[in-house]
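Encoded as structure tokens, the structure appears first; notes follow it.
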Amino acid sequence: MKQTIIALLVGVALYGCAAQDSSFSTSPLAIDPHGTSPWTVRGHIPLNEFVIHSHRGAGDLVPENTLTAFEMGWKLGTVPEADMRTTKDGILVAFHDANFKRTVHTNDAELKKKSVGDLTFAELSQLDVGGWKGPAFEGLRVPKLSEVFQAMRGHPERQLCLDFKHVDLRQLAAEVHTYGVSRQIVFATTNYKILREWKALLPDSETLLWLAGSDDKVEPRLAELRASGFADITHLQLHPKANPKSDSAEPFTISRALIRSLGDEMRSHRILFMAFPREITDPKLYWQLLDLGVASFSTDDPEFALKAVREYYEQP
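Under the working numbering, residues 90 to 405 are what the sequence shown spells out, in order.
And the structure:
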């Protein structure tokens, strides 16, 4: 584990700091300002400005949705993601799953069936959410979102992606405002209505709308978004997977034509075009996404993604 972390930090030193301030999505680097030549990521976004989001913090490296994970994400120069839930007594916390089966280190079968909303924060804070990753992480606890915001306060370079699960938007906005970190927040959801409600509460916060599925799922969603002019969206993210049909001309579960055209469309709206190539372990598939106009990644494995992007930029 220690060797892995050292290797990651060395990689970051070579890579440069990727985390940017909240003005990134409106940077001229994110578009072709003249529209006279084919857009390329290497031609418009310097390597040290390429943004990578670390899913669930840095969840493949350390226990997800813990302060340790968020600190790791920031040290790597990425934007860590936190999932948001609410305890029985109304405390906003970082936790992903709907129950405790996967990430709580316990032999209590009944407890594993429960969820964050079934426990008070005092009860939740007694649970070990690190031991499932190994003995080195035993004793890690579920953090309050306010603790994460406190770690961001005074550090404008630290951004955080907040993935909506189960929280009151007004309560969340009030906490973000209290800690003065609204410009460091990227609010993420697949629900466009909720995204717009959030943007109305904190206009200076960034937003991310993610679209899962293949062309037949994505296209109807895009029609809805076009009707509004993609209002209030600063990041749009697709979730391409490797095509299981090895004889297919399409490498992904989303067509190359859609990826390319959507990238052009997002740049015309000054929206950062992202992909979450989950479970893709071939760097050449990352390179193909970059060739198609993807300008940012979310990943479970920041080490792999940082290396893949760096190698792409180093190609002649």
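Even for Gly, the Cβ is constructed at its ideal location relative to N, Cα and C.
Can you give the Cα-Cα distance for residue i and residue j, rounded to whole angstroms?
i	j	result
arginine 272	arginine 174	21 Å
alanine 198	aspartate 217	15 Å
glycine 166	alanine 316	36 Å
glutamate 227	arginine 359	44 Å
leucine 291	alanine 277	13 Å
arginine 131	tyrosine 402	6 Å
glycine 318	leucine 181	32 Å
glycine 153	valine 193	First, the residue type needs correcting, since residue 153 is glutamate and not glycine in the sequence shown. Each residue's alpha carbon lies about 11 Å from the other.
leucine 213	arginine 145	19 Å
glycine 302	leucine 327	8 Å
leucine 325	glutamine 377	18 Å
aspartate 353	tyrosine 375	18 Å
lysine 190	glutamate 160	25 Å
leucine 249	alanine 171	7 Å
tyrosine 281	alanine 240	29 Å
lysine 201	arginine 399	41 Å
threonine 323	leucine 284	11 Å
serine 235	threonine 267	9 Å
glutamate 64	aspartate 149	Look at the range of the chain in this structure, 90 to 405, and you will see that residue 64 is not part of it.
threonine 279	phenylalanine 393	25 Å
aspartate 178	glutamine 215	15 Å
serine 204	aspartate 252	17 Å
histidine 255	threonine 209	15 Å
asparagine 137	valine 383	16 Å
glutamate 339	asparagine 332	7 Å
lysine 222	asparagine 196	15 Å
isoleucine 134	alanine 225	38 Å
alanine 211	histidine 244	29 Å
proline 405	alanine 158	35 Å
phenylalanine 139	valine 151	23 Å
leucine 465	serine 143	Look at the range of the chain in this structure, 90 to 405, and you will see that residue 465 is not part of it.
leucine 229	histidine 185	15 Å
arginine 356	threonine 129	11 Å
Below 8 Å on the Cβ atoms is my guess for residue i versus residue j; work out the distance and round it to an integer in Å.
i	j	result
proline 232	threonine 176	With 8 Å as the limit, proline 232 and threonine 176 do not qualify as a contact, their Cβ atoms being about 12 Å apart.
valine 275	leucine 297	5 Å
phenylalanine 341	lysine 330	7 Å
arginine 247	tryptophan 163	5 Å
alanine 147	proline 127	In fact, because the Cβ distance is near 34 Å, the residues do not count as touching under 8 Å.
aspartate 304	serine 344	5 Å
proline 391	isoleucine 141	6 Å
valine 237	alanine 312	No, valine 237 and alanine 312 are not in contact; Cβ-Cβ is about 36 Å, not under 8 Å.
lysine 288	aspartate 321	4 Å
leucine 395	isoleucine 348	In fact, because the Cβ distance is near 22 Å, the residues do not count as touching under 8 Å.
In the DSSP output, which residue or residues are listed as bridge partners for residue i?
i	result
valine 231	DSSP, once it has assigned bridges, lists no residue as partnering valine 231.
threonine 296	Phe276
arginine 387	Residue identity differs from the one stated: residue 387 is serine in this sequence, not arginine. Bridge partners of serine 387: His142.
alanine 394	According to DSSP, which records beta bridges pairwise, alanine 394 is partnered with nothing at all.
aspartate 252	Asp172, Ala277
methionine 363	Gln326, Ser385
Taking Cβ positions only, does residue i come closer than 8 Å to chain B?
i	result
lysine 288	Although the question refers to chain B, the structure presented lacks it and comprises just one protein chain.
Check: Fully enclosed by the stretch 127-209, which alpha helix (DSSP H) runs are 4 residues long or longer?
Finding: 130-133, 156-164, 198-202
Stretch-stretch touch, CB-based, cutoff 8 Å, three pairs: the stretch 362-374 with the stretch 386-401:
yes
Going residue by residue through the stretch 324-359, where are the continuous beta strand (DSSP E) segments of at least 3 residues, counting only ones entirely within it? 324-327
Check: Would you call the stretch 257-270 and the stretch 302-309 in contact, with 3 or more CB pairs under 8 Å?
Finding: no
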